[in-house]
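In terms of this note's numbering, the sequence shown opens at residue 118 and continues consecutively.
Quick reminder that beta carbons are idealized off the backbone N, C-alpha and C, glycines included.
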Amino acid sequence: RGIFQAKVMDNASVQYEHKLYRPSRMIYPGSRFGPKTRYDLPQRHKAYGNASELEAIIFNGTSLQPQVWSGSSGGAKAPPPGTSTSSCPAGSSARGQAQDEESQVLADAGRSLLTERHLPELPLINDRNDVHGVALLGGKSSGKTTLICSLLAVLNGKYPHSYDYKEKLREMPVYGNSWDFPEREIRYMSGETRQMRVVLTDTPPCGPNPREEHPLCAKTSPNSNLHYSAVPSWMRIILRSGNQPHYAVLFIIDATSPALWEEPQRCRDLARLLAVLKRSQYTVVIGVTKLLKLREDRLREDAYGKDHRGEVGKDPRSSYESFVGRYIDKVCACLQAKAGENDWSFTDGPEHVAFPLPNVSIFDVPTWTSVTDFQAWEGRKGTPELPNFKYYNSQLTRLLHAVCKRSSSEAA
C-alpha cells in the first residue's frame, strides 16, 4: 500500500511540473518531457561478423568477409566465437551446413555486386606464356577499331559483320575490348620464334582533350628517375594487367587531325610516352591512318585554287606514294626532335636501328570501314595507281608482322 501511494505521489508531481512550465519550455535536449529522439534508441555498434546479417554488406571471397552465420532466418543465433562446431546435431552433415551458411551469408544486395555485368571483360589467360598481347592506343575517332576489323579481314578473307562483332563494337569497356587472332610466330630479340595466340586490345581514346579522352602522358618531374611513372595510371592498368600480358604497343595517329608539328605539347607528350615504353622493353609500333582521305581533301582544295605553299600534309603532290612518304618522314623528324630536345632516347645505343623508321616501326595503315567498302576495294587489285587492294593487304600484313615481336631475348 505504501508503494502504491508513492507512485501516485510521483505521478502527481510530474503533472504539477507540467502545469508550471509552458510546452515550449519542455522541448530541449535532455528533457524528460519532450518527444523521443534517435538518441533514446538502443545504440548500434560496428559489427565484425557477429551481428545480424541485415547490418553488414558481405563481400564473399575477400578480407571483408566476416564470420559465417549459422542457423535459419527464423531467428536462430550464431554460436559465440571460439565455440566448437562439434556440438551440432548428429543428423546434420558438414557439407549441408556449409551450403546453408553460404546461402545465408550473401543477401540479394550483396549478390548483385558480384554479377558478371559488374566485372571487367578480361580474358582469363593461364601461366604458360602462350599469348602475345598488343595494346592499341590512339585518340578519339583515330581508326583503332576499323584497323582491328581490317586486320581480321586480311587474315580471314572477309570483313567481320556477325552479330557478335556488332555487339562488341557497341560499347567500350573500362579495360578495353580484347580481340582474339589466330596463332602466329612471335619473334624474340635472340632470333627465336614461337607459335602463340595474338590478342589485340582496343583501348579507350587518349589525347590532349580531357573531356573526351584519357591523358596521353602523366605529368612528372624532369628530374624523376622513375621513368615508368610518366605512363598514366589507366594505361598502366591495361598494360600490366595480370589477366592480359601485353608485350607490344601500337599507337595510331589520325592524319585528318591536326598534325604533330602543329601541336607541340601533343608531340612532346607522345615522344615522352614512346620513349618510356621503349625503355620499359615494349615493342612500339606507330600506324598512321586516313592518309588517303587527307590527300583526297587536299586534292579537292587544290582544285578550288587554295594555296598550299608546298607544306607537308597540305600539298597533295603528284602521287599518293610521294604524299605519304613526306608525311611519315615529317612525323619521324618531329618525334626525334622532341626527344632530342628533352634528352629522351628511343634506342639503347648507336648500333640499334633508329626509331621511328618508315616501314619498320611506322607504317601507312589504310583501313576498310565496312563490308561494302571491303567489297568495293576487292575489285581494285591491279590498278596502276596506289593505293589498291594489294597495297592494303601488304601494309596491314607488314604492320601485323611488326607488332608480333618481343623486345626480350628469352622465350619463357
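| query | result |
| --- | --- |
| Residue 296, enclosing beta strand (DSSP E) - first and last residue | 294-304 |
| Per DSSP, the bridge partner or partners of residue 522 | 304 |
| Cβ contact check for the stretch 489-507 and the stretch 415-425: 3 or more pairs under 8 Å | no |
| Closest by C-alpha distance to residue 278, when choosing among 262, 256, 289, 248 | 262 |
| Local conformation of residue 511 per DSSP, three classes | helix |
| Alpha-carbon to alpha-carbon, residue 515 and residue 476 | 8 Å |
| Member of 292, 332, 334 whose CA lies at the smallest distance from the CA of residue 317 | 292 |
| Continuous beta strand (DSSP E) stretch holding residue 401: start and end | 400-406 |
| Neighbourhood of residue 438 by C-beta, 7 Å cutoff - its chain only, sequence neighbours within 5 removed | 503 |
| Inter-residue spacing [alpha-carbon to alpha-carbon] between residue 346 and residue 268 | 32 Å |
| Every unbroken alpha helix (DSSP H) within the stretch 259-291, with a cutoff of 4 residues, ordered by chain | 261-273, 280-286 |
| Residue range of the alpha helix (DSSP H) that includes residue 489 | 488-495 |
| Nonlocal neighbours in the same chain, by C-beta distance under 8 Å from residue 543, ignoring five residues either side | What the structure shows of the chain is the stretch from 118 to 529, and residue 543 is not part of that stretch, so it cannot be assessed. |
| Endpoints, alpha helix (DSSP H) assigned at residue 463 | Note, residue 463: premise wrong, no alpha helix (DSSP H); not H, not E. |
| Under the three-state DSSP convention, the category residue 457 falls into | helix |
| Exposure of residue 501, with buried meaning 16 or more beta-carbon neighbours within 10 Å | exposed |
| Residue(s) in a DSSP beta bridge with residue 469 | For residue 469, which the question treats as bridged, DSSP gives no partner whatsoever. |
| Option in 391, 481, 506, 329 with minimal Cα separation from residue 446 | 481 |
| Pairwise C-alpha distance: residue 370 and residue 337 | 24 Å |
| Minimum length 4: unbroken alpha helix (DSSP H) runs contained in the stretch 314-396 | 350-356, 381-396 |
| Nearest-angstrom Cα separation, counted from residue 284 out to residue 460 | 45 Å |
| Sub-8 Å separation of residue 377 and residue 384 beta-carbons | yes |
| Distance between residue 479 and residue 405 (C-alpha atoms, nearest Å) | 8 Å |
| Option in 463, 450, 423 with minimal Cα separation from residue 394 | 463 |
| Candidates 299, 356, 511: closest to residue 247 by CA position | 299 |
| Distance CB(residue 484)-CB(residue 264) smaller than 8 Å | yes |
| Endpoints, beta strand (DSSP E) assigned at residue 255 | 248-255 |
| Option in 311, 258, 407 with minimal Cα separation from residue 372 | 407 |
| Residue 250 beta carbon less than 8 Å from that of residue 362 | yes |
| Sequence-distant residues of its chain with Cβ nearer than 8 Å to residue 354 (five each side left out) | 292 |
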